[in-house]
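With my numbering as the guide, the letters of the sequence shown map in order to residues -13 to 670.
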Amino acid sequence: MPISPRATCLLLMMLIVAPLSIPPVHAQTPRLVPTSQDVSTYRATYFAESAPTSAWDMLARVPGFVVVEADADVRGYASARGNVLIDDARPTSKHEDIKSLLERIPSAAVDRVELIRGGVTGIDMAGYAVLANIVRRHEATTDAAVEGGMMAGVDGWHSPLGQLEYARRRDGHALDLAMKFQPELDDDTGRGTIRTTAPDGSLTEQSRLDTRTTKNKGELSSSWRQPLAGGQLTLNAAVRNERDHTSTGITGLTMDNSQQVVREDAITDEAELGARFVRQFSGSTRIEAMATGHRGWLDVSQHSLENGDEEAFDERTRTGESIGRVDLTHAWSDMLSFTGSLEGAFNVLQSQNHLLQDGAAVFLPGSDVRIEERRMEAAIGMTWKPGEHWLLDAGLRLEKSAIEQTGDSPLSRRFTYPKPRVAMQWDVDPRNQLRLSLSREVGQLDFADFVASASLDSDLVSAGNAELEPDKTWRAIAAWEHQLWDSAAFTVSWTHDRISDAVDRVLVVTPDDVFDAPGNIGNGRRDTLALEFSLPLDSLGFDGARLSSSMLWRKSRVTDPVTHRSRPITEEKPVDGNLTLTRDLPAMRLHWSLELDHFAERKNTYRYDEIKRKWQALGWTLSVEHDIDTNWRLRAQVTDLFGRRFVETREKYDGSRADMPLDEMERRDRRSPGYVSLTIRRRL
-13 MPISPRATCL
-3 LLMMLIVAPL
7 SIPPVHAQTP
17 RLVPTSQDVS
27 TYRATYFAES
37 APTSAWDMLA
47 RVPGFVVVEA
57 DADVRGYASA
67 RGNVLIDDAR
77 PTSKHEDIKS
87 LLERIPSAAV
97 DRVELIRGGV
107 TGIDMAGYAV
117 LANIVRRHEA
127 TTDAAVEGGM
137 MAGVDGWHSP
147 LGQLEYARRR
157 DGHALDLAMK
167 FQPELDDDTG
177 RGTIRTTAPD
187 GSLTEQSRLD
197 TRTTKNKGEL
207 SSSWRQPLAG
217 GQLTLNAAVR
227 NERDHTSTGI
237 TGLTMDNSQQ
247 VVREDAITDE
257 AELGARFVRQ
267 FSGSTRIEAM
277 ATGHRGWLDV
287 SQHSLENGDE
297 EAFDERTRTG
307 ESIGRVDLTH
317 AWSDMLSFTG
327 SLEGAFNVLQ
337 SQNHLLQDGA
347 AVFLPGSDVR
357 IEERRMEAAI
367 GMTWKPGEHW
377 LLDAGLRLEK
387 SAIEQTGDSP
397 LSRRFTYPKP
407 RVAMQWDVDP
417 RNQLRLSLSR
427 EVGQLDFADF
437 VASASLDSDL
447 VSAGNAELEP
457 DKTWRAIAAW
467 EHQLWDSAAF
477 TVSWTHDRIS
487 DAVDRVLVVT
497 PDDVFDAPGN
507 IGNGRRDTLA
517 LEFSLPLDSL
527 GFDGARLSSS
537 MLWRKSRVTD
547 PVTHRSRPIT
557 EEKPVDGNLT
567 LTRDLPAMRL
577 HWSLELDHFA
587 ERKNTYRYDE
597 IKRKWQALGW
607 TLSVEHDIDT
617 NWRLRAQVTD
627 LFGRRFVETR
637 EKYDGSRADM
647 PLDEMERRDR
657 RSPGYVSLTI
667 RRRL
């Protein structure tokens, strides 16, 4: 497994020490989530007919719930939390997705799944209308599983895959260990053509495109949970490694017979430690404290050779994030509760980039950068139920941050942002619920936008922007949730955003050149319509079948800083969604699913001298699982077997789009290869 030596030391210590520390204690950890009419409980018997293999399979069958993952790219923890709890608490890690966590919990270890709606005392909803809580059994159990298999692309690429899991639970103590190796054939892989035309449509150049991007991901993780001081302590550690390799060949088909070869290698290492303590006092007060530290190492190397002209781009980036947070929730009564929190975070990024053209260095703004950010956020909130069917949720967060930047663009800035929120919920009847909310949101700056980057196969270079500020948004949401019949539900919502200091693309001018870079372009607006539904198809004669979907339609408007005309926000998808059909056949020990995604997916990027438009065809994945017996499971998966089409067009101008004519049009049309995988899992 490609795990680097510098990342393994931390986890090896936990692997050795943690199993030795399981004592034969016979006290049971108290429940931290109170039971009320606002909690819908789905016990293990509810899922029995579908024979799920993991907690993830069980959650997928809960009607009217769509998982929202934690956002690893958001700095801090308050804005990064997802909508899934495990044993009454959110995962400490932002960097491991919920699906991976829940797939490691066997269904036999789950006592029930709770669907928590707003109004439950002692629970911080974090702005979500609904949370899911996976509650595990307390009986002493030991589970282990090994999984192995192969993934292969129809273009000839193939790679093994596998994982190893171990879980031990006894009297409130729990140890979880996992090791995983996961290959990936990226969507950027494919063969096709590049056609360049003049403004009048005449063909000026045509080339053959052949590119392949593969990724090998390895991960070791460990988690330890135990009762402590009347509460529950959870410790976790993880190391991850990812190696990406891209090889691109562009061969001219016109008379000049030009040829370009681009190779890119990227190595990413991560190490993470976290701790969380949760305690309930007297049934009305809950305290939750967490701390986590994350370190990352990224090394990128690109090399391009085109008809004797040579370009090279190297990036060396080091990142760190440390977070401490305390949450306090107090239920004054069954009708009124208060929340408070305090979070502190320190983030650092240090990056050095070098761009060489035929051996000569090219200066890029943001090529030598060190950024340090210190953030504090305090929050207070109140949840009030003035009547049996009404809920009012109000709160105020105050964020203060300081950013110090050194290197080629030294700058020091300080920000203070109040973020109020008010939400109302009305249970019209047992089947209908209306929700309204108004809040002020402040975007999280992506440190990568402060750093220069390059894509040599597309001849695109972006500068870093030291003066970037977070966008600020007033957001209004109206939602309607409707329970159609047993296990069937849909939710439709409309979101309206009024944005100031919208983050888009701007022009950065240096004494020697001009560059495109991320930047603030003024005010904007965005409207989003979302539809989520889950429908069992038993009444149509398809026993054990379910149809579910999550769809988004967006329309955004900003003023283009180049042309001063209205246009959508760069790289926002107008349509985004998926449709999933599943069926459980318990008599045959069989489960299959068909997922369709990338519906009409497209997005545009507006640079000062070009407009790039990307479109991709509908994607699909068919998977079949067969439980050979209680210990053996076979899984086959096919994705885009006949390939999937990708089209990218670039309108290139001879300078600024505002006053210079269109110079040429480039169209890249390729088809990515599909792939198949076959795995067998053995429960030990």
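C-beta: ideal position from N, C-alpha, C; glycine also.
Quick caveat, the model's predicted, so the values are computed rather than measured.
Extent of the continuous alpha helix (DSSP H) run through Ala603: One-based indexing of the sequence shown puts residue 603 at position 617. It is not in any alpha helix (DSSP H) - Ala603 carries neither H nor E in the DSSP assignment.
query: Any contact of the region 540 to 550 with the region 482 to 495, i.e. 3+ C-beta pairs under 8 Å?
result: Short answer: they touch.
field: Trp618 versus Ile666: straight-line alpha-carbon distance, rounded
entry: Residue 618 sits at position 632 when you count from the first residue of the sequence shown. Residue 666 sits at position 680 when you count from the first residue of the sequence shown. Distance between the alpha carbons of Trp618 and Ile666 is about 7 Å.
- prompt: By how many angstroms is the C-alpha of Thr591 removed from the C-alpha of Arg177?
  reply: Within the sequence shown, numbered from 1, the residue matching residue 177 stands at position 191. Within the sequence shown, numbered from 1, the residue matching residue 591 stands at position 605. In a straight line, the C-alpha of Arg177 is about 23 Å away from that of Thr591.
message: Please state the DSSP three-state secondary structure of Ala41.
response: The residue you call residue 41 lines up with position 55 of the sequence shown. Helix.
message: With the cut-off set at 9 Å, would you say Arg553 and Ser479 are in Cβ contact?
response: Here residue 553 is taken as the residue at index 567 of the sequence shown, counted from 1. Here residue 479 is taken as the residue at index 493 of the sequence shown, counted from 1. Cβ atoms of Arg553 and Ser479: not closer than 9 Å.
- request: Taking Lys541 and Asp562 to be in contact with their CB atoms under 8 Å, please state how far apart those CB atoms are, rounded to whole angstroms.
  value: Position 555 of the sequence shown, counted from the start, is the residue given in the question as residue 541. Position 576 of the sequence shown, counted from the start, is the residue given in the question as residue 562. Their Cβ separation, rounded to whole angstroms, is 13 Å, which puts Lys541 and Asp562 out of contact at 8 Å.
- request: With DSSP as the reference, label Met321 as helix, strand or coil.
  value: By 1-based counting over the sequence shown, the position of residue 321 is 335. In the structure shown, Met321 falls within a coil segment according to DSSP collapsed to helix, strand and coil.
message: Taking 8 Å as the cut-off, does the region 219 to 228 touch the region 244 to 257 (at least 3 CB pairs, one atom from each stretch)?
response: Touching, yes.
query: Among residues of its own chain, excluding the 5 on either side of Val11, which ones have a beta-carbon nearer than 6 Å to its beta-carbon?
result: Working through the sequence shown from its first residue, we reach residue 11 at position 25. For Val11, the predicted structure reports a pLDDT of 35, less than 50, and the residue's modelled location is therefore unreliable. The matter cannot be settled from this model.
- prompt: Mind checking whether Thr625 and Gly660 have CB atoms under 9 Å apart?
  reply: Residue mapping note: residue 625 aligns to position 639 of the sequence shown, counting from 1. Residue mapping note: residue 660 aligns to position 674 of the sequence shown, counting from 1. Yes, these two residues count as a Cβ contact at 9 Å.
query: How many whole angstroms separate the CB atoms of Thr240 and Gln192, which I take to be in contact at a CB cut-off of 8 Å?
result: Position 254 of the sequence shown holds residue 240. Position 206 of the sequence shown holds residue 192. At roughly 6 Å, the Cβ-Cβ gap stays under 8 Å, so Thr240 and Gln192 are in contact.
- prompt: Taking three-plus beta-carbon pairs below 8 Å as touching, is the region 295 to 310 in contact with the region 435 to 447?
  reply: By the Cβ rule, the region 295 to 310 counts as touching the region 435 to 447, because three or more pairs are nearer than 8 Å.
- request: Give the straight-line distance between the Cα atoms of Asp570 and Leu620, rounded to the nearest whole angstrom.
  value: The residue given as residue 570 occupies position 584 in the sequence shown. The residue given as residue 620 occupies position 634 in the sequence shown. Asp570 and Leu620: Cα-Cα distance of roughly 15 Å.
Buried or exposed (CB count within 10 angstroms, at least 16 for buried), Glu652: Taking the sequence shown and counting its residues from 1, one reaches residue 652 at position 666. Buried is the call here.
message: Considering only DSSP beta bridges, list what Thr549 is partnered with.
response: Start at 1 with the first residue of the sequence shown, and residue 549 comes out as number 563. Note: Thr549 sits in no beta bridge, so no partner.
message: Rounded to the nearest angstrom, what separates Asp655 and Asp174 at their Cα positions?
response: As a first step, residue 655 is located in the sequence shown; it is residue number 669 there, counting from the start. As a first step, residue 174 is located in the sequence shown; it is residue number 188 there, counting from the start. So the two alpha carbons sit approximately 12 Å from each other.
field: At least three beta-carbon pairs within less than 8 Å, the region 426 to 434 to the region 374 to 381
entry: Counting Cβ pairs under 8 Å, fewer than three are found: no touch.
- request: Give the straight-line distance between the Cα atoms of Arg599 and Leu515, rounded to the nearest whole angstrom.
  value: Taking the first residue of the sequence shown as position 1, residue 599 is located at position 613. Taking the first residue of the sequence shown as position 1, residue 515 is located at position 529. Approximately 23 Å, taken between the alpha carbons.
task: Taking Lys371 as part of the beta strand (DSSP E), name the residues at either end of that continuous run.
output: If you number the sequence shown from 1, residue 371 lands on position 385. From DSSP, the beta strand (DSSP E) with Lys371 extends over 354 to 373.
- prompt: For the candidate residues Val414, Ala462, Met410, whose alpha-carbon lies nearest to that of Glu427?
  reply: Sequence index remark: in the sequence shown, residue 427 carries index 441 (1-based). The option with the nearest alpha carbon to Glu427 is Ala462.
- prompt: By Cβ distance, which residues of its chain are closer than 6 Å to Gly235, with the 5 residues on each side in sequence left out?
  reply: For the purposes of this step, residue 235 is identified with residue 249 of the sequence shown, where counting begins at 1. The answer, listed in chain order, is Asp196, Val247.
message: On the criterion of 16 or more Cβ atoms from any shown chain inside 10 Å, does Gly269 qualify as buried, or is it exposed?
response: Locating residue 269 in the sequence shown gives position 283, where the first residue counts as 1. Under the 10 Å beta carbon count, Gly269 is surrounded by fewer than 16 other beta carbons and is classified as exposed.
Phe263, DSSP secondary structure in three states: Numbered from its first residue, the sequence shown carries residue 263 at position 277. Phe263: strand per DSSP, three-state reduction.
query: What are the boundary residues of the beta strand (DSSP E) that Leu493 is part of?
result: By 1-based counting over the sequence shown, the position of residue 493 is 507. Segment 489 to 495, the beta strand (DSSP E) holding Leu493.
message: Closer than 8 Å is the cut-off here; do at least three beta carbon pairs connect the region 77 to 94 with the region 40 to 52?
response: Three or more beta-carbon pairs drawn from the region 77 to 94 and the region 40 to 52 are found closer than 8 Å, and the two stretches are therefore classed as touching.
message: Would Gly310 and Gly282 be called neighbours here (beta carbons separated by less than 9 Å)?
response: Along the sequence shown, read from residue 1 onward, the residue named residue 310 stands at position 324. Along the sequence shown, read from residue 1 onward, the residue named residue 282 stands at position 296. Cβ distance not < 9 Å, so Gly310 and Gly282 don't count as in contact.
message: Just list the residues that DSSP pairs His756 with in beta bridges.
response: Nothing about residue 756 can be read from this structure; the chain reaches only from -13 to 670.
query: What are the start and end residues of each continuous beta strand (DSSP E) run of 3 or more residues lying completely inside the region 120 to 146, in chain order?
result: DSSP runs (the beta strand (DSSP E)) wholly in the region 120 to 146: 127 to 139.
message: Pairs of beta-carbons, one from the region 600 to 608 and one from the region 628 to 646, closer than 8 Å: are there three or more?
response: The region 600 to 608 makes contact with the region 628 to 646: 3 or more CB pairs, one atom from each, lie closer than 8 Å.
- prompt: Can you give the beta carbon distance from Ala160 to Arg211, rounded, assuming they're within the 8 Å contact cut?
  reply: As a first step, residue 160 is located in the sequence shown; it is residue number 174 there, counting from the start. As a first step, residue 211 is located in the sequence shown; it is residue number 225 there, counting from the start. Ala160 to Arg211, Cβ: 4 Å. Contact.
query: Among Leu523, Thr183, Gly505, which has the Cα closest to the Cα of Ser486?
result: As a working mapping, residue 486 is identified with position 500 in the sequence shown. Answer by Cα proximity: Gly505.
task: Rounded to whole angstroms, what's the CA-CA distance from Met537 to Glu518? Just pull it up for me.
output: Walking along the sequence shown from the start, residue 537 turns up at place 551. Walking along the sequence shown from the start, residue 518 turns up at place 532. Within the model, the alpha-carbon separation for Met537 versus Glu518 is close to 6 Å.
The beta strand (DSSP E) enclosing Ser26, as first and last residue numbers: Looking up residue 26 in the sequence shown gives position 40. It spans 25 to 29 - the beta strand (DSSP E) in which Ser26 sits, taken as one unbroken run.
message: Less than 6 Å between C-beta atoms, sequence neighbours within five positions excluded: which residues of the same chain meet that for Arg407?
response: Position 421 of the sequence shown, counted from the first residue, corresponds to residue 407. Annotation for Arg407: Gly381, Ser425 place their beta carbon closer than 6 Å to its own, counting only its chain and skipping 5 residues before and after.
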